[in-house]
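In this note's numbering, the protein residues as written are 36 to 351.
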(Lines of atoms letter the chains of each structure in order from A and count residues from 1; the text may use other names and numbers.)
(Lines give C-alpha, C1' and ligand atoms only; values in the text may rest on other atoms or scores of the structure.)
Protein backbone atom coordinates (compact mmCIF):
# COMPACT_ATOMS: atom_id res chain seq x y z
CA UNK A 1 0.00 0.00 0.00
CA UNK A 2 1.35 3.40 -0.98
CA UNK A 3 1.60 6.39 1.37
CA UNK A 4 -1.15 8.12 -0.60
CA UNK A 5 -3.48 5.13 -0.09
CA UNK A 6 -2.70 5.04 3.66
CA UNK A 7 -3.40 8.77 3.95
CA UNK A 8 -6.70 8.32 2.12
CA UNK A 9 -7.75 5.50 4.46
CA UNK A 10 -6.84 7.57 7.51
CA UNK A 11 -8.91 10.46 6.17
CA UNK A 12 -11.88 8.16 5.58
CA UNK A 13 -11.56 6.79 9.13
CA UNK A 14 -11.53 10.34 10.54
CA UNK A 15 -14.66 11.17 8.54
CA UNK A 16 -16.45 8.10 9.88
CA UNK A 17 -15.43 8.99 13.45
CA UNK A 18 -16.74 12.55 13.03
CA UNK A 19 -20.04 11.23 11.66
CA UNK A 20 -20.40 8.87 14.63
CA UNK A 21 -19.75 11.75 17.05
CA UNK A 22 -22.30 13.95 15.26
CA UNK A 23 -24.92 11.19 15.38
CA UNK A 24 -24.26 10.35 19.05
CA UNK A 25 -27.05 11.36 21.40
CA UNK A 26 -27.03 12.05 25.11
CA UNK A 27 -24.00 12.51 27.34
CA UNK A 28 -20.64 11.59 25.84
CA UNK A 29 -17.06 11.05 26.99
CA UNK A 30 -15.49 14.37 27.94
CA UNK A 31 -18.75 15.81 29.30
CA UNK A 32 -18.83 17.13 32.86
CA UNK A 33 -21.81 15.74 34.76
CA UNK A 34 -23.12 16.15 38.29
CA UNK A 35 -24.39 12.91 39.77
CA UNK A 36 -25.84 11.54 42.99
CA UNK A 37 -25.06 7.94 43.86
CA UNK A 38 -24.99 5.37 46.63
CA UNK A 39 -23.07 2.11 46.40
CA UNK A 40 -23.41 -0.94 48.63
CA UNK A 41 -21.92 -4.39 48.40
CA UNK A 42 -24.32 -6.50 46.36
CA UNK A 43 -25.56 -8.32 49.47
CA UNK A 44 -26.52 -4.92 50.87
CA UNK A 45 -24.54 -5.28 54.07
CA UNK A 46 -21.77 -2.70 53.64
CA UNK A 47 -21.79 0.87 52.39
CA UNK A 48 -19.08 1.47 49.78
CA UNK A 49 -19.62 5.14 48.92
CA UNK A 50 -22.39 7.74 48.83
CA UNK A 51 -23.09 11.37 48.02
CA UNK A 52 -26.30 11.35 50.12
CA UNK A 53 -25.95 12.99 53.58
CA UNK A 54 -28.99 11.08 54.87
CA UNK A 55 -27.43 7.73 53.94
CA UNK A 56 -24.14 8.80 55.51
CA UNK A 57 -25.92 9.71 58.76
CA UNK A 58 -27.88 6.47 58.76
CA UNK A 59 -24.69 4.44 58.27
CA UNK A 60 -22.81 6.44 60.92
CA UNK A 61 -20.11 7.82 58.62
CA UNK A 62 -21.24 11.46 58.61
CA UNK A 63 -18.71 12.43 61.31
CA UNK A 64 -15.57 11.63 59.29
CA UNK A 65 -14.92 15.19 58.10
CA UNK A 66 -16.19 14.47 54.58
CA UNK A 67 -18.89 16.56 52.93
CA UNK A 68 -21.61 14.43 51.34
CA UNK A 69 -23.10 16.16 48.30
CA UNK A 70 -23.47 15.59 44.51
CA UNK A 71 -20.22 14.91 42.72
CA UNK A 72 -18.91 16.35 39.45
CA UNK A 73 -17.05 13.90 37.20
CA UNK A 74 -15.74 13.85 33.64
CA UNK A 75 -17.05 10.94 31.60
CA UNK A 76 -14.36 8.73 30.09
CA UNK A 77 -11.67 9.78 32.60
CA UNK A 78 -12.02 6.87 35.03
CA UNK A 79 -13.45 9.02 37.81
CA UNK A 80 -15.93 6.25 38.59
CA UNK A 81 -16.10 2.52 37.82
CA UNK A 82 -16.19 1.69 34.09
CA UNK A 83 -19.55 -0.07 34.40
CA UNK A 84 -21.18 3.06 35.79
CA UNK A 85 -19.55 5.27 33.13
CA UNK A 86 -20.85 2.98 30.39
CA UNK A 87 -24.36 3.39 31.77
CA UNK A 88 -24.00 7.19 31.91
CA UNK A 89 -22.76 7.60 28.32
CA UNK A 90 -25.75 8.16 26.07
CA UNK A 91 -28.02 9.01 29.00
CA UNK A 92 -29.78 12.30 29.62
CA UNK A 93 -30.00 14.63 32.59
CA UNK A 94 -32.65 13.25 34.95
CA UNK A 95 -31.96 9.61 34.11
CA UNK A 96 -31.33 7.17 36.95
CA UNK A 97 -30.50 3.51 37.25
CA UNK A 98 -28.72 0.69 39.03
CA UNK A 99 -25.50 -0.98 37.90
CA UNK A 100 -23.85 -4.04 39.44
CA UNK A 101 -20.05 -4.04 39.24
CA UNK A 102 -18.54 -7.56 39.48
CA UNK A 103 -15.82 -8.06 42.06
CA UNK A 104 -12.99 -8.36 39.54
CA UNK A 105 -13.89 -4.94 38.10
CA UNK A 106 -14.50 -3.36 41.51
CA UNK A 107 -11.90 -4.10 44.19
CA UNK A 108 -10.55 -7.35 42.77
CA UNK A 109 -11.09 -11.00 43.56
CA UNK A 110 -10.08 -12.24 47.00
CA UNK A 111 -6.61 -13.84 46.89
CA UNK A 112 -5.74 -16.16 49.78
CA UNK A 113 -2.05 -15.77 48.96
CA UNK A 114 -2.30 -12.13 50.01
CA UNK A 115 -2.82 -13.19 53.63
CA UNK A 116 0.52 -13.54 55.40
CA UNK A 117 1.85 -14.25 58.88
CA UNK A 118 4.41 -11.68 60.02
CA UNK A 119 6.33 -10.91 63.17
CA UNK A 120 4.47 -8.55 65.50
CA UNK A 121 7.72 -6.61 65.82
CA UNK A 122 7.06 -5.21 62.33
CA UNK A 123 3.88 -3.55 63.62
CA UNK A 124 3.65 -0.50 65.87
CA UNK A 125 2.60 -1.44 69.40
CA UNK A 126 -0.47 0.81 69.21
CA UNK A 127 -1.70 -1.10 66.14
CA UNK A 128 -1.37 -4.64 67.46
CA UNK A 129 -5.07 -5.57 67.51
CA UNK A 130 -7.49 -7.29 65.09
CA UNK A 131 -8.90 -4.93 62.49
CA UNK A 132 -6.07 -2.41 62.66
CA UNK A 133 -4.91 -0.97 59.34
CA UNK A 134 -1.16 -1.46 59.10
CA UNK A 135 1.69 -1.10 56.64
CA UNK A 136 4.22 -3.92 56.51
CA UNK A 137 7.19 -3.89 54.14
CA UNK A 138 5.54 -1.19 52.05
CA UNK A 139 2.23 -3.05 51.73
CA UNK A 140 -1.08 -1.83 53.15
CA UNK A 141 -3.22 -4.39 54.95
CA UNK A 142 -5.22 -5.08 58.10
CA UNK A 143 -4.71 -7.47 60.99
CA UNK A 144 -7.14 -10.40 60.97
CA UNK A 145 -5.70 -12.13 64.05
CA UNK A 146 -2.75 -11.62 66.37
CA UNK A 147 -1.44 -14.18 68.85
CA UNK A 148 1.72 -13.73 70.86
CA UNK A 149 4.50 -12.46 68.64
CA UNK A 150 2.80 -13.34 65.34
CA UNK A 151 0.17 -11.42 63.38
CA UNK A 152 -1.97 -12.60 60.51
CA UNK A 153 -2.17 -9.67 58.04
CA UNK A 154 -4.63 -9.57 55.14
CA UNK A 155 -3.24 -7.51 52.25
CA UNK A 156 -6.40 -7.85 50.12
CA UNK A 157 -8.61 -4.78 49.80
CA UNK A 158 -11.28 -4.96 52.55
CA UNK A 159 -13.94 -5.21 49.80
CA UNK A 160 -12.05 -7.74 47.65
CA UNK A 161 -14.35 -10.46 46.33
CA UNK A 162 -17.47 -8.29 46.74
CA UNK A 163 -19.76 -7.31 43.89
CA UNK A 164 -20.82 -3.66 44.20
CA UNK A 165 -24.25 -2.26 43.36
CA UNK A 166 -24.48 1.40 42.33
CA UNK A 167 -27.69 3.42 42.34
CA UNK A 168 -27.21 6.70 40.49
CA UNK A 169 -29.09 9.75 39.25
CA UNK A 170 -27.81 12.29 36.70
CA UNK A 171 -28.59 15.71 38.16
CA UNK A 172 -27.09 18.07 35.61
CA UNK A 173 -24.58 18.60 32.83
CA UNK A 174 -21.97 21.10 34.05
CA UNK A 175 -21.07 23.74 31.46
CA UNK A 176 -19.77 26.52 33.72
CA UNK A 177 -15.97 26.23 33.70
CA UNK A 178 -15.48 27.57 37.21
CA UNK A 179 -17.91 24.95 38.48
CA UNK A 180 -16.10 22.31 36.41
CA UNK A 181 -12.76 23.30 37.97
CA UNK A 182 -14.24 23.34 41.47
CA UNK A 183 -15.63 19.84 40.92
CA UNK A 184 -12.26 18.53 39.75
CA UNK A 185 -10.43 20.02 42.74
CA UNK A 186 -12.98 18.52 45.10
CA UNK A 187 -12.54 15.12 43.48
CA UNK A 188 -8.73 15.28 43.71
CA UNK A 189 -8.40 16.87 47.15
CA UNK A 190 -11.68 16.24 48.96
CA UNK A 191 -12.25 20.00 49.32
CA UNK A 192 -13.63 22.76 47.14
CA UNK A 193 -11.38 25.86 47.11
CA UNK A 194 -12.45 29.38 46.16
CA UNK A 195 -11.51 30.01 42.52
CA UNK A 196 -12.28 32.26 39.56
CA UNK A 197 -11.22 32.73 35.92
CA UNK A 198 -9.89 36.00 34.53
CA UNK A 199 -8.22 37.12 31.29
CA UNK A 200 -4.92 38.94 31.96
CA UNK A 201 -2.53 40.85 29.75
CA UNK A 202 0.96 39.42 30.22
CA UNK A 203 4.33 40.43 28.79
CA UNK A 204 6.18 37.58 27.07
CA UNK A 205 9.49 37.24 25.30
CA UNK A 206 8.84 35.95 21.78
CA UNK A 207 11.45 35.05 19.12
CA UNK A 208 12.00 37.42 16.21
CA UNK A 209 12.24 36.00 12.69
CA UNK A 210 15.97 36.10 11.73
CA UNK A 211 17.24 37.79 8.60
CA UNK A 212 17.26 35.17 5.84
CA UNK A 213 20.51 36.58 4.45
CA UNK A 214 22.33 36.38 7.79
CA UNK A 215 22.94 32.69 8.50
CA UNK A 216 25.10 33.42 11.56
CA UNK A 217 22.59 35.75 13.21
CA UNK A 218 22.07 35.18 16.92
CA UNK A 219 18.48 34.47 17.98
CA UNK A 220 16.69 37.64 19.05
CA UNK A 221 13.62 38.16 21.19
CA UNK A 222 11.18 40.97 21.71
CA UNK A 223 8.62 41.69 24.40
CA UNK A 224 5.03 41.24 23.35
CA UNK A 225 1.82 41.71 25.34
CA UNK A 226 -0.45 38.66 25.09
CA UNK A 227 -3.74 37.67 26.69
CA UNK A 228 -3.75 34.67 29.00
CA UNK A 229 -6.81 33.09 30.53
CA UNK A 230 -5.94 32.42 34.15
CA UNK A 231 -7.61 30.25 36.77
CA UNK A 232 -6.96 31.90 40.14
CA UNK A 233 -7.12 29.68 43.19
CA UNK A 234 -7.08 30.75 46.83
CA UNK A 235 -5.03 28.28 48.87
CA UNK A 236 -6.47 27.69 52.33
CA UNK A 237 -4.39 26.16 55.15
CA UNK A 238 -6.32 22.90 54.65
CA UNK A 239 -5.34 22.84 50.99
CA UNK A 240 -1.72 23.80 51.66
CA UNK A 241 -1.35 20.87 54.06
CA UNK A 242 -3.32 18.44 51.88
CA UNK A 243 -1.12 15.43 51.10
CA UNK A 244 -2.51 14.97 47.58
CA UNK A 245 -1.83 18.62 46.77
CA UNK A 246 1.68 18.61 48.24
CA UNK A 247 2.66 15.51 46.25
CA UNK A 248 0.86 16.20 42.98
CA UNK A 249 0.14 19.91 42.52
CA UNK A 250 1.95 20.05 39.16
CA UNK A 251 0.00 17.11 37.75
CA UNK A 252 -3.31 18.38 39.16
CA UNK A 253 -2.69 21.87 37.77
CA UNK A 254 -1.84 20.51 34.31
CA UNK A 255 -4.95 18.34 34.30
CA UNK A 256 -7.08 21.37 35.19
CA UNK A 257 -5.46 23.36 32.35
CA UNK A 258 -6.11 20.57 29.85
CA UNK A 259 -9.72 19.88 30.85
CA UNK A 260 -10.92 23.43 31.56
CA UNK A 261 -9.02 25.04 28.67
CA UNK A 262 -7.27 27.85 30.56
CA UNK A 263 -3.69 28.96 29.86
CA UNK A 264 -2.39 28.79 33.41
CA UNK A 265 -3.27 28.28 37.08
CA UNK A 266 -2.15 30.76 39.74
CA UNK A 267 -2.38 29.70 43.38
CA UNK A 268 -2.69 32.58 45.85
CA UNK A 269 -1.84 32.13 49.52
CA UNK A 270 -3.45 34.55 51.97
CA UNK A 271 -1.66 35.33 55.25
CA UNK A 272 -3.86 37.14 57.78
CA UNK A 273 -2.48 39.68 60.23
CA UNK A 274 -1.78 38.72 63.84
CA UNK A 275 -2.99 41.88 65.58
CA UNK A 276 0.38 43.32 66.63
CA UNK A 277 1.86 39.95 67.61
CA UNK A 278 4.10 39.73 64.56
CA UNK A 279 7.85 39.60 64.10
CA UNK A 280 8.32 43.26 65.09
CA UNK A 281 7.13 42.62 68.63
CA UNK A 282 9.12 39.41 68.86
CA UNK A 283 12.34 41.08 67.74
CA UNK A 284 11.72 44.02 70.05
CA UNK A 285 11.41 41.62 72.98
CA UNK A 286 14.58 39.85 71.96
CA UNK A 287 16.38 43.18 71.64
CA UNK A 288 15.42 44.07 75.20
CA UNK A 289 16.61 40.71 76.44
CA UNK A 290 19.90 41.20 74.56
CA UNK A 291 20.55 44.47 76.35
CA UNK A 292 19.90 42.85 79.73
CA UNK A 293 22.28 39.98 78.92
CA UNK A 294 25.06 42.39 77.92
CA UNK A 295 24.63 44.35 81.17
CA UNK A 296 24.73 41.12 83.19
CA UNK A 297 27.98 40.06 81.46
CA UNK A 298 29.56 43.43 82.20
CA UNK A 299 28.54 43.22 85.89
CA UNK A 300 30.06 39.75 86.09
CA UNK A 301 33.31 41.03 84.52
CA UNK A 302 33.23 38.27 81.86
CA UNK A 303 35.45 38.58 78.78
CA UNK A 304 33.55 37.29 75.73
CA UNK A 305 36.79 36.58 73.83
CA UNK A 306 38.01 34.34 76.64
CA UNK A 307 34.76 32.35 76.51
CA UNK A 308 35.15 31.82 72.73
CA UNK A 309 38.78 30.66 73.19
CA UNK A 310 37.70 28.17 75.87
CA UNK A 311 34.91 26.76 73.69
CA UNK A 312 37.24 26.33 70.72
CA UNK A 313 39.77 24.58 72.96
CA UNK A 314 37.07 22.20 74.21
CA UNK A 315 36.12 21.31 70.60
CA UNK A 316 39.74 20.42 69.83
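A virtual CB, placed ideally from N, CA and C, is assigned to each residue, including glycine.
Just so it is clear, the structure is predicted and the values come from calculations on it, not from any experiment.
Subject >> Any 3 or more C-beta pairs closer than 8 Å across the segment 213-225 and the segment 183-199 >> reply: no
**OP:** Ignoring anything shorter than 4 residues or poking outside the segment 112-199, list the alpha helix (DSSP H) runs there in chain order.
**Re:** List check, alpha helix (DSSP H) in window: 117-123.
**OP:** Report buried or exposed for residue 110, applying the criterion of at least 16 other Cβ atoms within 10 angstroms of its Cβ.
**Re:** buried
**OP:** Taking only the alpha-carbon atoms, compute the straight-line gap between residue 195 and residue 300 and give it to the nearest angstrom.
**Re:** 39 Å
Original post:
Helix, strand or coil for residue 221 per DSSP?
Top reply: helix
Subject >> Three CB pairs or more closer than 8 Å across the segment 228-237 and the segment 261-273 >> reply: yes
Original post:
Leaving out the 5 sequence neighbours to the left and right, which residues in its chain are closer than 8 Å to residue 209 when beta-carbon positions are compared?
Top reply: 67, 68, 69, 107, 215 and 218
**OP:** Starting from the C-beta of residue 134, find all residues in its chain whose C-beta is less than 6 Å away, skip the five residues before and the five after it, and write them out in chain order.
**Re:** Excluding sequence neighbours, residue 134 sits near 118, 119, 122 and 201.
**OP:** For residue 223, collect the residues of the same chain with a Cβ closer than 7 Å to its Cβ; drop the 5 residues on either side in sequence, then sort them by chain order.
**Re:** Closer than 7 Å at Cβ, skipping near neighbours: 279 and 287.
Subject >> Inter-residue Cα distance where the pair is residue 60 and residue 78 >> reply: The straight-line gap from Cα to Cα measures roughly 34 Å.
**OP:** Compare the C-alpha of residue 274 against each of 220, 45, 256 and 239 and name the closest.
**Re:** 220
Subject >> Local conformation of residue 44 per DSSP, three classes >> reply: helix
**OP:** Since I believe residue 94 is in contact with residue 82 (beta carbons under 8 Å), could you give me their beta-carbon distance rounded to a whole number of angstroms?
**Re:** 5 Å
Original post:
Grouping DSSP H, G and I as helix and E and B as strand, with all else coil, what is residue 213?
Top reply: helix
**OP:** Assign residue 86 to one of two classes, buried (16 or more other C-beta atoms within 10 Å of its C-beta) or exposed (fewer than that).
**Re:** buried
Subject >> the segment 94-105 contacting the segment 138-158, beta-carbon criterion three pairs below 8 Å >> reply: With a cut-off of 8 Å, the segment 138-158 and the segment 94-105 do not count as touching, because too few Cβ pairs lie within range.
Original post:
Around the Cβ of residue 277, are there at least 16 other Cβ atoms within 10 angstroms (buried) or fewer (exposed)?
Top reply: Residue 277 sits buried, since 16 or more C-beta atoms from the chains shown fall within 10 Å of its C-beta.
Original post:
What are the boundary residues of the alpha helix (DSSP H) that includes residue 295?
Top reply: Taken as a continuous stretch (DSSP letters only), the alpha helix (DSSP H) holding residue 295 covers 278-295.
Original post:
Going by other Cβ atoms of all chains shown within 10 Å of its Cβ, with 16 needed for buried, is residue 256 buried or exposed?
Top reply: That one is exposed.
**OP:** Tell me where the beta strand (DSSP E) around residue 273 begins and ends.
**Re:** Boundaries for residue 273: no beta strand (DSSP E) harbours it, while the alpha helix (DSSP H) harbouring it runs 272-275, taken from the DSSP string.
Original post:
What does a CB cutoff of less than 7 Å around residue 129 pick up in its chain, not counting 5 residues either side in sequence?
Top reply: 205
Original post:
Would you call the CB atoms of residue 259 and residue 297 closer than 7 Å?
Top reply: no
Subject >> Exposure label - residue 306; buried when at least 16 CB within 10 Å >> reply: exposed
Original post:
For residue 269, which of helix, strand or coil comes out of DSSP?
Top reply: strand
Original post:
Going by beta carbon distance, what residues of the same chain come within less than 8 Å of residue 162, once the five residues before and after it are set aside?
Top reply: 168, 169 and 178
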